[in-house]
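Visitor: Have a look at the structure that comes next, please.
Chains as they are written, first to last, in our numbering: chain A, 1 to 453; chain B, 454 to 732.
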């Protein structure tokens, strides 16, 4: 009633604000344009780096606006919250209405409805009204749902539809976004992300998380048995491989060689190949033998580190050459015996007997350099990730429903005309892709008209 | 490398097709654009063969990988998809004038590709994943659809100006009616949007499998989200607020500019984890 037109309460106004699509469009555009900032300003860099790029006043301003970690800033999160609230309110507002329309479709083609439909056709037939109604119902049910028949006032109405699911597509999509956010929050609250460098042979039971300010217990032990780097003939890296063992309850329960794109998972915690490097300097393997060939011991010489041999002297590895005088890899050693001048000489890896020429009581042979490597492991636990994937799957399904299905509805009205013939009206509409529906409607027209001839 | 020869031939064919379509518009001669269609079909065959040959040659070299892994390959794949998408549109809408606005996109993409390194390089460890195939293919089908939409949006803007002035002569007179163009701007986007969504999701799944995090606000990820948001805004404006015509066309062009930024700009201008496409 006109006189009941009242000013909306503040509550209504707030509600109207949150259910408006205009707000959704504005939020989408604002989110899109502000997101650009964080791709231009490098995120989460040390302050010194920013000081090099920006003037002091600009740095202070950007720092205050959290532009150096903007995607986790309060204002950005607030926009995401606004986006989600808007999305939820729109759904709460519109979903029941849609459900009502879908559950109680207008089954009668009255004059008003007929006028609102762009596609319609009318013709007349001789004969019995209910017989024609039955024939047309049969013709409709071929490509549409079984028609609902409404009789009354000397008229028969047929209503048939197809693709109702298309109406749900948008809600499935919106729900999927909320599910993804829930998954992200669950992962954030109950999961962790850490990074650790693990030297070959070493083990860990905990990893540093949150940038190293806290330690997270794994509840088991992980050991790196070996790290290998494979290269293509051109020298480009082909594979980074870490041979890992999981030790739980005192025994090895899992052993797996991980590479990038093939992580190890144990008890919900994932280990990803992320980085690698040399752990400390290289050591040279040198075997020591007597003149008769019997082995004395093997030395592991770190650079310039003196190693004593009882009753002989002190040995130091002082230099290494990749290709010594064209003979291949070689190690330069210095031997100091008590009361004698230091002897400096080269040991070639490919010629283990070369040192015999020196005529000393002990013969040294260089067996090669060995470098200990460390592997850099990304360690993550994310109990929310499957919720995120569920949301992602729903999103694709929802979009398909919304875009590739169309809710198509057709009506037929039969009524006895003044001339005694049956007046027939066929009309239809589609929720989307009207051009395609026009073609379908044309087909239906011929199909229905041909029925019973 | 025979694949590169075939791709160069494709470039020439795209150039010829673009010239024929544009020429047909100026000469107002349907027959010229009919030849353009056959050139496009030939280009589709040659470029498909080129992709196949490149794939085969990578196995010959002992590398063996899908040809969608660097900038050169993604450009030729994009052009391949645009051409195919265009042929579908031309067939469906029975109008060849689209070619003058869409084929130049494919042509200039190929010209740009020619200036990039076309050698087949082995995959770095981060790219050795089955996710690579589905991620790149879904993204680029989406991009191709957005390219078609933007091309048609330009046509719409030209046509709308003329319809407003109530003229139907000249080059623009040959373009399909505004209603048809407007519909196609939208239809190309509703094809592109689910593919872009799938591309972002497969990218996230891959990132999670390779790095242990499905979203890290890396510039590439962020720009893909920006593109997604722009088209999401387009769809909401159109479906629920009745944005048709000029405003929708402009938003489609903005969306495609964001797409180009996401695809090329991020690799060429910004730095981040996702730097493979720039090599």
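For every residue, glycine included, the Cβ atom is placed at its ideal position computed from N, Cα and C.
Keep in mind that this is a model prediction, so the values were computed, not measured.
Can you give me the Cβ contacts of residue 2(A) inside the same chain, cut-off strictly under 7 Å, excluding the 5 residues immediately before and after it?
Guide: Caution applies to residue 2(A), whose pLDDT of 47 falls short of 50 and renders its modelled position unreliable; the model cannot decide the point.
Visitor: If you measure beta-carbon to beta-carbon, which residues of the stretch 548 to 582 of chain B are closer than 8 Å to chain A?
Guide: Residues passing the 8 Å Cβ filter: 574, 575, 577, 578, 579, 581, 582.
Visitor: Look at the alpha carbon of residue 335(A) and the alpha carbon of residue 286(A), and state the distance between them as a whole number of angstroms.
Guide: Whole-angstrom Cα-Cα distance: 13 Å.
Visitor: Tell me the rounded alpha-carbon separation between residue 674(B) and residue 24(A).
Guide: Spanning the two alpha carbons is a distance of roughly 22 Å.
Visitor: Less than 7 Å between C-beta atoms, sequence neighbours within five positions excluded: which residues of the same chain meet that for residue 466(B)?
Guide: Within the same chain, residue 466(B) has close Cβ partners 492, 495, 496, 499.
Visitor: For residue 614(B), which three-state DSSP category applies?
Guide: The answer is helix: DSSP assigns residue 614(B) an H, G or I state.
Visitor: Measuring alpha carbon to alpha carbon, tell me which of 255(A), 47(A), 388(A), 408(A) ends up nearest residue 222(A).
Guide: The shortest Cα separation from residue 222(A) among 255(A), 47(A), 388(A), 408(A) belongs to 255(A).
Visitor: Would residue 396(A) and residue 647(B) qualify as a contact pair, given that the criterion is a beta-carbon distance under 9 Å?
Guide: Against a cut-off of 9 Å, the Cβ pair of residue 647(B) and residue 396(A) comes out as a contact.
Visitor: Any beta carbon from chain A within less than 9 Å of residue 593(B)'s own beta carbon?
Guide: False, the Cβ-Cβ gap to chain A never drops below 9 Å.
Visitor: Taking Cβ positions only, does residue 713(B) come closer than 9 Å to chain A?
Guide: No, because no Cβ of chain A sits closer than 9 Å to the Cβ of residue 713(B).
Visitor: Please report how far the alpha carbon of residue 131(A) lies from the alpha carbon of residue 163(A), in whole angstroms.
Guide: Roughly 28 Å separates the two Cα atoms.
Visitor: Between 251(A), 139(A), 377(A), which lies nearest to residue 257(A) when the distance is taken from Cα to Cα?
Guide: Among 251(A), 139(A), 377(A), the Cα nearest to that of residue 257(A) belongs to 377(A).
Visitor: Does residue 27(A) come out as helix, strand or coil in the three-state DSSP assignment?
Guide: Helix at residue 27(A).
Visitor: If you run the structure through DSSP and keep just helix, strand and coil, what is residue 368(A)?
Guide: Correct three-state label for residue 368(A): strand.
Visitor: Just to confirm the assignment: which complete beta strand (DSSP E) runs, minimum length 3, are found wholly within the stretch 144 to 210 of chain A?
Guide: Counting only runs of 3 or more, we get 148 to 152, 155 to 162, 192 to 199, 203 to 209.
Visitor: Which same chain residues, not among the five before or five after residue 302(A), have their C-beta less than 7 Å away from its C-beta?
Guide: Excluding sequence neighbours, residue 302(A) sits near 281, 283.
Visitor: Can you name the residues of chain B whose CB is closer than 7 Å to the CB of residue 75(A)?
Guide: By Cβ distance, chain B contributes nothing, its closest Cβ being about 15 Å from residue 75(A), past 7 Å.
Visitor: For residue 1(A), name the three-state secondary structure that DSSP assigns.
Guide: Interpretation of residue 1(A) is limited by its pLDDT of 43, a score under 50 that renders its predicted location unreliable; the figure taken from the coordinates is listed afterwards. Note: residue 1(A) maps to coil in three-state DSSP.
Visitor: Taking CB distances under 9 Å as the criterion, tell me whether residue 533(B) reaches chain A.
Guide: Output row for residue 533(B): interface = no.
Visitor: Output yes or no for whether 9 Å exceeds the beta carbon distance between residue 720(B) and residue 475(B).
Guide: It is not a contact, given that the beta carbons lie outside the stated cut-off.
Visitor: For the alpha helix (DSSP H) containing residue 686(B), list its first residue and its last residue.
Guide: It spans 672 to 694 - the alpha helix (DSSP H) in which residue 686(B) sits, taken as one unbroken run.
Visitor: What do you get for residue 479(B), buried or exposed, if any count of 16 or more other CB atoms within 10 angstroms of its CB means buried?
Guide: Flag for residue 479(B) reads exposed.
Visitor: Which bits of chain B does residue 188(A) rub up against, with CB to CB less than 7 Å?
Guide: Correct list: empty, because the minimum Cβ distance to chain B is about 11 Å.
Visitor: Can a CB atom of chain A be found closer than 9 Å to the CB of residue 678(B)?
Guide: Yes, contact with chain A.
Visitor: Taking 9 Å as the threshold (C-beta atoms), are residue 315(A) and residue 296(A) in contact?
Guide: No, the pair does not count as a contact, with Cβ atoms beyond the cut-off.
Visitor: In this structure, does DSSP put residue 570(B) in helix, strand or coil?
Guide: If DSSP states are grouped into helix, strand and coil, residue 570(B) belongs with coil.
Visitor: Can you give me the C-alpha to C-alpha distance between residue 718(B) and residue 41(A), rounded to a whole angstrom?
Guide: Distance between the alpha carbons of residue 718(B) and residue 41(A) is about 15 Å.
Visitor: Alpha carbon to alpha carbon, what distance is there between residue 518(B) and residue 292(A)?
Guide: Roughly 56 Å between the two C-alpha positions.
Visitor: Which first and last residues belong to the alpha helix (DSSP H) in which residue 479(B) is found?
Guide: Here the alpha helix (DSSP H) through residue 479(B) covers 455 to 480.
Visitor: Looking at C-alpha atoms only, which residue of 194(A), 198(A), 95(A) is the closest neighbour of residue 664(B)?
Guide: The option with the nearest alpha carbon to residue 664(B) is 194(A).
Visitor: Taking the alpha helix (DSSP H) that residue 657(B) belongs to, which residues open and close that run?
Guide: Segment 631 to 664, the alpha helix (DSSP H) holding residue 657(B).
Visitor: Look up residue 319(A) in the DSSP assignment and give the residues it is bridged to.
Guide: Bridge partners of residue 319(A): 332(A).
Visitor: Taking only beta-carbon positions, decide if residue 389(A) is within less than 9 Å of chain B.
Guide: Yes - at least one Cβ of chain B is within 9 Å of the one on residue 389(A).
Visitor: So which of 667(B), 633(B), 617(B) has the shortest CA-CA distance to residue 188(A)?
Guide: Of the listed residues, the one whose Cα sits closest to residue 188(A) is 667(B).
Visitor: Output yes if chain A places a C-beta closer than 9 Å to the C-beta of residue 731(B); else output no.
Guide: In this predicted model, residue 731(B) has a pLDDT of only 40, less than 50, meaning its place in the structure is not dependable; the value taken from the coordinates is given anyway. For residue 731(B), the answer is no, since every Cβ of chain A falls outside 9 Å of its Cβ.
Visitor: In chain order, what residues of the same chain lie with their CB nearer than 7 Å to the CB of residue 82(A), ignoring the 5 residues before and after it?
Guide: Here the set comprises 27.
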